[in-house]
Every structure is written in structure tokens, then in C-alpha cells.
Amino acid sequence: SLSALSPDSLFNVLFAALSSLCALVVLAGFDRSGRDAVATGEERKGVRALQCRFLAVFWLYKMADWLQGPYFVEVYSSKVLNGMQVSGSLVARLFLTGFGATALFSAVVGGLVDSVGRKRSSLTFAFMYTLSALSTRCATLPLLFAGRVAGGLGTSLLFSAPEAWLVSEHVRSGFAPRTLSQTFGIAYFVDALVAICAGQLAGAAATRGGPTAPFELSVGFLALGACIILATWTENVGGKAKQGAEGEVQKGDGDGEGSGGESGGTIVRAAVGEMAKDSRILLVGAVQAFFEGAMYIFVLQWPPAFKAALSGAVPFGKVFSCFMVCCMIGSSLFSALAKRDVQPEKSLSAMLVVATASMACATRACAGNLVALVASFFAFEGCVGMYFPLIGSLRSKYLPDAYRGVIMNLFGIPLNLIVVGVFLSIGKLGLSGALTCSTVALALALAAGLGLRASAATESAV
Numbered sequence: 001s002l003s004a005l006s007p008d009s010l011f012n013v014l015f016a017a018l019s020s021l022c023a024l025v026v027l028a029g030f031d032r033s034g035r036d037a038v039a040t041g042e043e044r045k046g047v048r049a050l051q052c053r054f055l056a057v058f059w060l061y062k063m064a065d066w067l068q069g070p071y072f073v074e075v076y077s078s079k080v081l082n083g084m085q086v087s088g089s090l091v092a093r094l095f096l097t098g099f100g101a102t103a104l105f106s107a108v109v110g111g112l113v114d115s116v117g118r119k120r121s122s123l124t125f126a127f128m129y130t131l132s133a134l135s136t137r138c139a140t141l142p143l144l145f146a147g148r149v150a151g152g153l154g155t156s157l158l159f160s161a162p163e164a165w166l167v168s169e170h171v172r173s174g175f176a177p178r179t180l181s182q183t184f185g186i187a188y189f190v191d192a193l194v195a196i197c198a199g200q201l202a203g204a205a206a207t208r209g210g211p212t213a214p215f216e217l218s219v220g221f222l223a224l225g226a227c228i229i230l231a232t233w234t235e236n237v238g239g240k241a242k243q244g245a246e247g248e249v250q251k252g253d254g255d256g257e258g259s260g261g262e263s264g265g266t267i268v269r270a271a272v273g274e275m276a277k278d279s280r281i282l283l284v285g286a287v288q289a290f291f292e293g294a295m296y297i298f299v300l301q302w303p304p305a306f307k308a309a310l311s312g313a314v315p316f317g318k319v320f321s322c323f324m325v326c327c328m329i330g331s332s333l334f335s336a337l338a339k340r341d342v343q344p345e346k347s348l349s350a351m352l353v354v355a356t357a358s359m360a361c362a363t364r365a366c367a368g369n370l371v372a373l374v375a376s377f378f379a380f381e382g383c384v385g386m387y388f389p390l391i392g393s394l395r396s397k398y399l400p401d402a403y404r405g406v407i408m409n410l411f412g413i414p415l416n417l418i419v420v421g422v423f424l425s426i427g428k429l430g431l432s433g434a435l436t437c438s439t440v441a442l443a444l445a446l447a448a449g450l451g452l453r454a455s456a457a458t459e460s461a462v
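Printed below as a string of C-alpha cells:
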């Protein structure tokens, strides 16, 4: 049985089995009918060109992000400040500073994404993340906290500006909506591979240069992504800005050149008004906040859960690789469903049912049922792989392009508050309590997802 294997052998076997399943899902998802999401050769060429420009930057930026994750705790806990080793509580405060900055400045950052431009904002991400990475070399507490604030601001930009740029360019070019879902599916399938590679690179870099080395290495990927943006992306902005044939912002209707003519504050107020008028935007936001809140709680709790269930040392790297293959399976399922024109609202509600049930099972199994725990966590990671391209497709469908960046960032405020709240209460909640919070959050996401599905069904019936 699985429980009789050593932890290393167990996850080697599981990785091989999951990889085989992933290959089968990918093969089964191929569209052999000859039907293509793109109607003409000219449009196909345009879609491929847009995909190449976006995906190259997306994967380089995500590589930089993934590189920093494995050594976050070690890079700070290895510091000596004023002759004293950094404590675990200080590392926790540094961790929370990033989430707090994301929550606190989300509206401001979102307003700038739409008013200043998505290209400039994507470049600003590289700058902010570079500052954050280089701050890990400092041995001064204010600079370490400043670095975490920069990292939090960068995170807001990473998860809004590039996607807002892609969707706006896609809409402006008049490409079929199916091709956008296809792009999201490819992006997140390969993102899981990028994460596995980043883990190996980070380990090798840390072995040679210490815990700051992965952060320093990430700067190279950030610089390369920024160079591709400078060379291949045209600017697009939100608000009332107009775009010329060359993609440059034009003046008109009182718009200021290069800024969309609207201040960040004006755009934020207008975005809130749009959200108030359309309940579907609020439902998408609720799904995002609750699902990603549950996901971040899971990220904090799966290591202690496996420690409690396994008798030997937990091979965290191999567990993480298994998780990433599960994500690839999930994103492959999304792509297969999208090719068959299954409504994203239907896929979302089905995925959320599985995610909620999986986390509920994991909550019961965390007392020591290894097989149930592994199956539940793997199923949830498959849902995570399906979630990201799904939510990207839904945001592209329901969020108005003029306020896309700010609305995406406003969604991040409740998400980050959930994470900070649970993190601060983790000592009282314990493992089972934290996973219960995750299950409740997923149930709330499911309720919002069902509301979105009902709205889509009503709309299609009219």
C-alpha cells in the first residue's frame, strides 16, 4: 500500500503516475476534428504573434516570482541584525508586510495600471520586484521592510497589468474569444513547468551562493522580460483614452497624452460605479477573493499536514513537483473544455464543487489518513490548475476594458485581508481549523460561482 512506502519512494511513484495521467489528458484534449478557434490564416497569424509577445513575458516574470518563493523564510531567518539572529516572529511580520502592502495600495495601483498604461505598469513590476529582490542583500531592518512593500506592490502589478494588456490587445484586434481562453490555458499549463524548473534553479543557486542567490538570479529574468516588453509591446490604457493605429495614446475628449486623460482616483471611482451596476462583476470578484484566499491558506498548511501524516522526513520538493503536475492536468482539462465550447461558468461551478469537497475531505483526513490526505490535496491542486485560466477567461468576459486593471486590483483587497486574518489567527486555529476556514471560503466561492452560472443561463435563454 502507499502508506508502506518511504516518503521519497511514495512521491516518486505518485509523480510518475501523475505525469502519465497528464500526458493522457493532454492527448485526449487534442482537437482532431480539424476545427480551429481561428477562422482565417491571417487571424491565426495575428493570434500567434500576440500569444508569443504575451507568453514570453508572462513566463519570464513568473519564473522570477517562483524563484523567490522557496527561500523566502531562509533568506530572512539567516540575517543577523544588530548582532542578533532574525526571529521567526520578525520573518512572519515581513511576510505579512507584503500582503498588507498589496491590500493597502491595491486601489492606487489599479488606478495607475489603467491611467498610466498596462505596458508601463508591466515594466514597473520588473522595477519593483528587482528592488524587492536586491533588498534581501541588506542587513538593515527598514530596508528589509521597504523591500517587502516593493514586493507587495509588484505582486499587485504582476497579477493585473500583463493580463489587462493582453485582453485589451485581443479585443482591439477583434480576435475570437475562444482564442483568449486558449492563450490562458497555454499560459498556466507551462507556468506549472516553469515552477518546477524554478524550484530546481533556486536550489542550485542557493547551494552555490547562499539564500540570496535565487533572488539575485530572478533579476535577470525580470530584465529579460522588461526588454521584450520594450521591444514588442505597444501601450494601451483604460479610461477614455483612444488608441491610434500604431498603438500610441491619442489626445481627444480632454484626454491627457499618455495618461488616458483621467487621474487614477477618477478611474477608481468610475470602476466602483461599474461594479455597483453589474452584479456579475461582483460575483467574479467574490469567486476570486474566496478561492485564492482558500488557496493561500492551503499553501501555508500543506507542509504541516504532511509532516503530521508521514512518519519520515517530508520530501517537500517532490511533493511540490506532484502538485505542479496536478495543476498541469487541471489546465489541460480547462483547455479541452474550452475547445468544446463549454461555458466557463459551467466549468467553474463544477470545479468549485470538486475543490470544496476535496478541502472538506482533507480537513477530516488531516488527523492521519495519508491516502485520503494525498488524494484530497492532489484533487485540490488540479482545481487550482483549472481555476487560473478559468478566472482569466471570466475576467475578460465580464470586466469592462476601461477599468480592467483597477477592478482586478480591487478584487485583491478582500483576498489579502482573508490571508492576513487567517495568518494572524493560525496559532489559535491549528491545522484543522485553518483547513476548515479554507473549506468555508471555497463553499462561499461555490455560491458565487453558482450565481454567475445562473446569470449566464438567464442571459443565454433571453
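Each residue of the sequence shown is one higher than the one before, starting from 1 at the first, in full-length UniProt numbering. Cβ atoms here follow ideal geometry from the backbone N, Cα and C, with glycine treated the same way.
Per the coordinates, the alpha-carbon of F221 lies some 15 Å from the alpha-carbon of Q200.
Under the three-state reduction of DSSP, L352 is assigned to helix. Setting aside the 5 residues that flank it on each side, F320 is surrounded in the same chain by G199, each with a C-beta closer than 7 Å to its C-beta; the list follows chain order. DSSP assignment within the stretch 103 to 139 yields the following whole alpha helix (DSSP H) runs of 4 residues or more, N-terminal first: 118 to 135. Here Q200 carries a helix assignment [DSSP, helix/strand/coil]. Of the candidates Y387, V314, I426, A202, Y387 places its Cα closest to the Cα of L442.
When DSSP states are grouped into helix, strand and coil, L310 belongs to the coil group. S332 and P304 have their C-alpha atoms some 29 Å from each other. Residue burial is scored here from C-beta neighbours: G185 has at least 16 other C-beta atoms within 10 angstroms and is therefore classed as buried.
Around the beta carbon of M128, 16 or more other beta carbons sit within 10 angstroms, so the residue counts as buried. Counting along the chain, no alpha helix (DSSP H) covers V342, and no H or E run does either.
The bridge partners DSSP lists for Q68 come to none. Judged by beta-carbon spacing, A202 lies within the 8 Å limit of L67, meaning their Cβ atoms are closer than that value. One Cα belongs to F99, the other to S335, and the distance between them is close to 31 Å.
DSSP, read as helix, strand or coil, puts V86 in coil. One alpha carbon belongs to R340, the other to L27, and they sit about 15 Å apart. Less than 8 Å divides the Cβ of L283 from the Cβ of L452. Counting C-beta atoms within 10 angstroms of its own C-beta, T183 has 16 or more neighbours from the protein chains shown and is therefore classed as buried. Selection F125, S347, A379 evaluated against A360 yields A379 as nearest (Cα-Cα). For N236, no alpha helix (DSSP H) run applies, since DSSP gives it neither H nor E. For secondary structure counted as the alpha helix (DSSP H) over 4 or more consecutive residues, the stretch 170 to 216 holds these complete runs in sequence order: 177 to 209. In terms of Cβ geometry, F125 and L158 form a close pair [threshold 8 Å].
If the five residues before and after G147 are omitted, its C-beta is found closer than 6 Å to the C-beta atoms of S132, S135, all from its own chain and listed in chain order.
Y71 and T207 have their C-alpha atoms spaced approximately 11 Å apart.
Apart from the 5 residues on each side of it in sequence, G392 sits with its Cβ closer than 7 Å to the Cβ of E163, F184 in its chain, given in chain order. A Cβ-Cβ separation of about 18 Å leaves C437 out of contact with E381 under the 8 Å criterion. Taking 8 Å as the upper bound for CB-CB distance, G111 and V406 are in contact here, some 5 Å apart. V13 is positioned such that its CB atom lies no closer than 8 Å to that of T97. Between the stretch 43 to 60 and the stretch 346 to 359, the count of Cβ pairs shorter than 8 Å is below three; the stretches do not touch. In the DSSP assignment, K397 falls within the unbroken alpha helix (DSSP H) covering 370 to 398.
According to DSSP, L81 shares a beta bridge with M84. For the options V109, L18, D65, V299, the alpha carbon positioned closest to that of V194 is the one of D65. Non-local C-beta neighbours of C138 in its own chain, meaning closer than 8 Å and more than five positions away in sequence, comprise L144, G147, ordered along the chain. Judged by DSSP in its simplified three-state form, C366 adopts coil rather than helix or strand.
Around V420, the same chain offers L96, F99, G100, A103 as residues with beta carbons nearer than 8 Å, after the five sequence neighbours per side are excluded. By the Cβ-count criterion, K62 is buried, with 16 or more other Cβ atoms from all chains shown falling within 10 Å of its own Cβ.
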